[in-house]
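Student: Start counting at 1 in the sequence shown, then tack on 44, and there's your number in the working numbering.
Cβ coordinates follow ideal geometry from the N, Cα and C atoms, glycine included.
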Amino acid sequence: MQFHREHLAGCYCAYCACLIKRMDSFACRNQASAIMKVFITGATGLIGRELLHQLSADGYQISALYRSEEKRNDLLHLPVQWVKGSVEDPDCLEKGMSDCEAVIHAAAFAGIYAPVNKIMEVNYYGTRLVLDKARQSGIKKIVYVSSAGVFGPSGNGITDETTVNGSFYATPYDKIKSMTEDLALEYARAGLPVVVVNPTRLYGPGLMNEANSVTLLILKYLRGQWKFIPGNGKAIGNYVFISDVARGIKMALEKGKPGEKYILGGENISFDDFFNLLGKISGRKHLMIHVPYPVMISVSSLLLAWAVLTRTRPPITPGLIRKYVQNWNVSSNKAIRELGYQPTPLREGLQITINWLKNMSSYA
45 MQFHREHLAG
55 CYCAYCACLI
65 KRMDSFACRN
75 QASAIMKVFI
85 TGATGLIGRE
95 LLHQLSADGY
105 QISALYRSEE
115 KRNDLLHLPV
125 QWVKGSVEDP
135 DCLEKGMSDC
145 EAVIHAAAFA
155 GIYAPVNKIM
165 EVNYYGTRLV
175 LDKARQSGIK
185 KIVYVSSAGV
195 FGPSGNGITD
205 ETTVNGSFYA
215 TPYDKIKSMT
225 EDLALEYARA
235 GLPVVVVNPT
245 RLYGPGLMNE
255 ANSVTLLILK
265 YLRGQWKFIP
275 GNGKAIGNYV
285 FISDVARGIK
295 MALEKGKPGE
305 KYILGGENIS
315 FDDFFNLLGK
325 ISGRKHLMIH
335 VPYPVMISVS
345 SLLLAWAVLT
355 RTRPPITPGL
365 IRKYVQNWNV
375 SSNKAIRELG
385 YQPTPLREGL
395 QITINWLKNM
405 SSYA
């Protein structure tokens with residue numbers, strides 16, 4: 045079946061939006077993808093779901109690891125061989141990698157208030173098991189999905205792949221992610237064909253969970269429920285559209301060099317400018333209050349203490365406040381140059397996201 049732009053009119057999912065933008069490039073994909081079988085961990089997560097849509101549309105054969113039947117239900121229409129289990133189960137990994145040529149390891153246990161031992165067990169030891177099984181299975185290419193958070197703040201400079209992983213980690217998740225990336229690169233130096241990708245702050249249509257925290261923040265802003273900016277509002281972050289990350293991972297699979305890292309980012313922008321742009325695009329400008337750093341730390345500490353007492357998840361932690369008052373300028377030039385990566389402009393991505401939020405929920 046041949047698709048044209050008009051077939052996709054009115055659809056605001058991230059994947060269709062990018063089909064509209066890059067229809068020609070999808071029509072000219074490498075024919076090798078049609079016969080390659082890929083094993084994907086974290087397939088029902090925010091990034092994994094986009095990968096399933098994009099890779100299946102491009103003719104890849106897919107084996108996908110999942111844990112939750114509920115999260116898998118809306119993906120059953122895709123031509124995927126499903127394997128139930130976790131990255132901690134060697135038998136499931138072996139079954140999932142059977143007859144596969146490549147692995148995309150996107151599974152991770154994320155949470156701003158998650159037990160450190162659980163993060164370590166899944167993210168570090170789980171990754172080690174994935175890499176061991178990939179080596180035993182003769183896998184020809186592995187893409188490990190890391191995070192740009194491993195580099196630490198950029199200060200007044202710009203972070204790229206030559207930047208040494210930082211010593212500042214806002215959360216245990218960031219620290220363990222850095223340790224896990226180091227582990228993956230050790231395997232690469234030992235001859236395993238591992239490529240690392242480092243996404244920045246994700247946003248866009250998809251699961252509304254902690255992994256998509258920027259989109260949750262956008263929704264709160266549109267509803268008038270978020271009016272605070274930490275510090276003076278000048279701290280810079282980098283925001284990347286979710287489907288760009290999935291596409292960048294696919295490009296890393298096809299073109300990435302083993303042992304190399306590729307930052308998958310979007311635009312660098314301050315908090316003030318981000319919310320100003322969001323207000324202009326949505327037509328809903330809200331007064332934003334700059335809260336001094338010491339006050340934010342005190343409030344977040346109280347919220348964390350309350351969460352411990354009530355065994356709930358805090359909306360923000362002191363570690364995240366310390367993270368978001370610093371600059372996180374990054375460059376994706378290496379991915380653009382070597383992979384052909386094309387990040388979506390922030391204005392365009394926000395417009396797609398707002399349109400999608402209008403269709404999936406009411407924020408009137």
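1) Give the DSSP bridge partners of E311, in chain order.
2) What are the boundary residues of the beta strand (DSSP E) that includes S190?
3) With H, G and I counted as helix, E and B as strand and the rest as coil, what does DSSP make of H97?
4) Do L122 and V100 have their beta-carbon atoms positioned less than 8 angstroms apart in this structure?
5) Tell me whether the region 138-145 and the region 181-188 touch, counting them as touching only if at least three CB pairs, one residue from each stretch, are closer than 8 angstroms.
6) Alpha helix (DSSP H) containing V160: first to last residue?
7) For the candidate residues G199, G140 and D118, whose alpha-carbon lies nearest to that of W126?
8) Counting pairs of Cβ atoms below 8 angstroms between the region 239-248 and the region 336-354, do you hit three or more?
9) Whole angstroms is fine: what's the gap from S257's alpha carbon to L297's?
10) Identify every run of the beta strand (DSSP E) within the region 83-155, keeping only runs that are complete inside it and at least 3 residues long; order them along the chain.
11) Given A202, which residues of its chain have a CB within under 6 angstroms of its CB, disregarding the five upstream and five downstream residues?
12) By Cβ distance below 8 angstroms, which residues in the same chain neighbour V194 in space, the five residues on each side in sequence not counted?
13) Using only CA atoms, which one of R291, F318, N312 and V189 lies nearest to G384?
14) The alpha helix (DSSP H) that contains Y169, what's its start and end?
15) Give a yes or no on whether the C-beta atoms belonging to I91 and V289 are separated by under 8 angstroms.
16) Looking only at DSSP bridge pairs, what is Y247 linked to?
17) Does the Cβ of L120 have 16 or more other Cβ atoms within 10 Å, making it buried, or fewer, making it exposed?
18) Would you check if the distance between the CB atom of I396 and the CB atom of G248 is smaller than 8 angstroms?
19) Can the beta-carbon of I365 be found closer than 8 angstroms to that of P274?
20) Determine the contact status of G216 and V131, defining contact as a CB-CB distance below 8 angstroms.
21) In whole angstroms, what is the alpha-carbon distance linking K81 and G300?
Tutor: So, from the data block:
1) Y283
2) Segment: none, S190 is in no beta strand (DSSP E) and carries neither H nor E.
3) helix
4) According to the sequence shown, residue 100 is Ser rather than Val. Their beta carbons are under 8 angstroms apart, which means S100 touches L122 by this criterion.
5) yes
6) V160 to I163
7) G140
8) no
9) 26 angstroms
10) 105-110, 124-128 and 146-149
11) Checking the displayed sequence, the identity of residue 202 turns out to be Ile instead of Ala. Cβ neighbours of I202 beyond the five flanking positions: N373 and S375.
12) N209, G210, D218, K221, S222, E225 and N242
13) R291
14) Element bounds for Y169: n/a, residue is neither H nor E.
15) yes
16) F285
17) exposed
18) yes
19) yes
20) Residue identity check: residue 216 is Pro in the sequence provided, not Gly. Cβ atoms of P216 and V131: not closer than 8 angstroms.
21) 17 angstroms
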